[in-house]
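Chemist: Before anything else, here's the structure in question.
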Amino acid sequence: MEFYSYALLTLSVVLMAMAIVALSLVKPRRDAERVYARLGASPASARVRVPGPVERLFLRSGLADQRVHGYFILVIWSLAALLGMLFAGVPGAVLGIVLGLGLVYGLIEVQGRRRTRQIVSQLPGFVEHVSRGLQAGRTLTIAMWAAAEETRPPLQDVMRRVRREVELGGSLGEALHEAAEIHRLDSLRLVALGVRFNLRYGGSARDLMDQVVWALRRRERAYRQLKALTGETRISAVVLGVLPVGIAAYTVAMNPDYYATLLETPQGPWVLGGAVVWQALGVLFLWRMMRSL
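Residue numbering for the sequence shown follows the numbering used here, starting at 1 and increasing by one per position.
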């Protein structure tokens, strides 16, 4: 048993080291962007770079520039594996690693969705600021940079990354489109489409931005109406997800020996682990259904 304990402890440390390396992947790129920005130069071959899936996940959640939060999540993952090993041995450790990975992904995804909602709420005001800058006689690019400096995070962080991509030689429309793909924002895709259309075919940028603001406002009203109509469905999904866990906790509190027999048999930990996995899958399915509403 001691061999398995040391092996799983080593595995946890290795997983943490691998995750730290994953967090460090974005640092060289960010440092290079800062160097080019300070020098006022851009490489001739620079294009809007498409980040990988892991980098997209961290960029969407805002953890790419907040390494302390990333390390905290890694600690949660390792603790889940170690606690599982202490309570249920090897099966518990394996279950802890799987559930810890799911917990880490869930925390990052929740953080990303929270930032996405904030960006969506900031976009209409941002585009209105761009429209006012165009009315004052600025170009579309300068008006957008001025509006980006006046807005708040997280939209400010997104626009600063877009500006770095443009300063490195990319196109403004392509950089906005890539930012929309990273954050899964249909509203930002609409802004990017308007910018690309204006840069390619010309026309009144102010009228175009006014139309974009109107479309964003209308989309926001429709989303609020849909959210109000589906409120009962979301509450039902939350109740279905919490009810099994609540019943299990109540049973343990009222009769602690109820689950003790499972822990005393060789098959007991596997049965409990299977129940936890199925419950986690059920919560995942309900969460995916709620995302579509």
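Idealized CB from N, CA, C, for every residue including glycine.
1) Quick one: residues in its chain with C-beta nearer than 7 Å to the C-beta of residue 173, no 5 flanking neighbours on either side, listed in chain order?
2) What distance in whole Å lies between the Cβ atoms of residue 262 and residue 271, which are believed to be in contact at a cut-off of 8 Å?
3) Using only the alpha-carbon positions, how far apart do residue 119 and residue 167 sit?
4) Run the CB neighbour count on residue 256, radius 10 Å, all protein chains shown included, and call it buried at 16 or more, exposed below.
5) What's the C-alpha gap between residue 102 and residue 79?
6) Output the residue ranges of the alpha helix (DSSP H) runs that lie fully inside the stretch 99 to 167 and measure 4 residues or longer, sorted by chain position.
7) Return the first residue and the last residue of the alpha helix (DSSP H) that residue 187 is part of.
8) What would DSSP say about residue 169, mapped onto helix, strand or coil?
9) So what does DSSP say about residue 265, is it helix, strand or coil?
10) Can you find at least 3 beta carbon pairs, one from the stretch 146 to 154 and one from the stretch 119 to 137, that sit closer than 8 Å?
11) Reducing DSSP to helix, strand and coil, say where residue 61 ends up.
12) Can you tell me the Cβ-Cβ gap for residue 127 and residue 212, rounded? I've got them flagged as a contact below 8 Å.
13) Taking a contact to mean a Cβ-Cβ separation below 8 Å, would you say residue 157 touches residue 62 in this structure?
14) Taking 8 Å as the threshold (C-beta atoms), are residue 153 and residue 220 in contact?
15) Could you pull the start and end residues of the alpha helix (DSSP H) that residue 236 belongs to?
16) From this set, 164, 182, 247, 206, which residue's C-alpha is nearest residue 116's C-alpha?
17) Please state whether the Cβ-Cβ distance between residue 163 and residue 177 is less than 8 Å.
18) Indicate the three-state DSSP secondary structure (helix, strand or coil) for residue 78 in the structure shown.
19) Please identify the residue among 83, 122, 82, 258 whose C-alpha is closest to the C-alpha of residue 217.
20) What separation, rounded to the nearest whole angstrom, lies between the Cα atoms of residue 259 and residue 179?
21) Taking all protein chains shown into account, decide if residue 99 is buried (16 or more other Cβ within 10 angstroms of its Cβ) or exposed.
Modeler: Inspection of the coordinates gives the following:
1) Indexing the sequence shown from 1 puts residue 173 at position 173. Hits under 7 Å: 192, 195, 196, 199.
2) Taking the sequence shown and counting its residues from 1, one reaches residue 271 at position 271. Taking the sequence shown and counting its residues from 1, one reaches residue 262 at position 262. At roughly 6 Å, the Cβ-Cβ gap stays under 8 Å, so residue 271 and residue 262 are in contact.
3) Here the question's residue 119 lines up with position 119 in the sequence shown. Here the question's residue 167 lines up with position 167 in the sequence shown. Their Cα atoms are separated by approximately 23 Å.
4) For this step, residue 256 is matched to residue 256 along the sequence shown. That one is exposed.
5) Your numbering for residue 102 matches position 102 in the sequence shown. Your numbering for residue 79 matches position 79 in the sequence shown. Their Cα atoms are separated by approximately 13 Å.
6) 140 to 150, 155 to 167
7) Locating residue 187 in the sequence shown gives position 187, where the first residue counts as 1. Per DSSP, residue 187 belongs to the alpha helix (DSSP H) from 186 to 201.
8) For this step, residue 169 is matched to residue 169 along the sequence shown. Coil at residue 169, not helix or strand.
9) On the sequence shown, position 265 is the one that residue 265 refers to. Looking at residue 265 - three-state DSSP - the assignment turns out to be coil, as it is neither helix nor strand.
10) yes
11) As a first step, residue 61 must be located in the sequence shown, where it is residue number 61. Here residue 61 sits in helix by DSSP.
12) For the purposes of this step, residue 127 is taken as the residue at position 127 of the sequence shown. For the purposes of this step, residue 212 is taken as the residue at position 212 of the sequence shown. Contact holds; Cβ gap of about 5 Å.
13) Position 157 of the sequence shown holds residue 157. Position 62 of the sequence shown holds residue 62. Yes.
14) Along the sequence shown, one-based indexing puts residue 220 at 220. Along the sequence shown, one-based indexing puts residue 153 at 153. Result no, Cβ atoms of residue 220 and residue 153 do not sit closer than 8 Å.
15) Taking the sequence shown and counting its residues from 1, one reaches residue 236 at position 236. Unbroken alpha helix (DSSP H) run through residue 236: 231 to 254.
16) For this step, residue 116 is matched to residue 116 along the sequence shown. Looking at the Cα atoms, 182 is the closest of the given residues.
17) Stepping through the sequence shown from its first residue, residue 163 is reached at position 163. Stepping through the sequence shown from its first residue, residue 177 is reached at position 177. Cβ atoms of residue 163 and residue 177: not closer than 8 Å.
18) Within the sequence shown, numbered from 1, the residue matching residue 78 stands at position 78. Three-state DSSP puts residue 78 in a helix.
19) The residue labelled residue 217 in the question sits at position 217 within the sequence shown. Checked all of 83, 122, 82, 258; the closest Cα to residue 217 is 122.
20) As a working mapping, residue 259 is identified with position 259 in the sequence shown. As a working mapping, residue 179 is identified with position 179 in the sequence shown. Taking the straight line joining both Cα atoms gives about 50 Å.
21) Numbered from 1 along the sequence shown, position 99 holds the residue referred to as residue 99. The residue in question, residue 99, is buried, as its Cβ has 16 or more Cβ neighbours within 10 Å.
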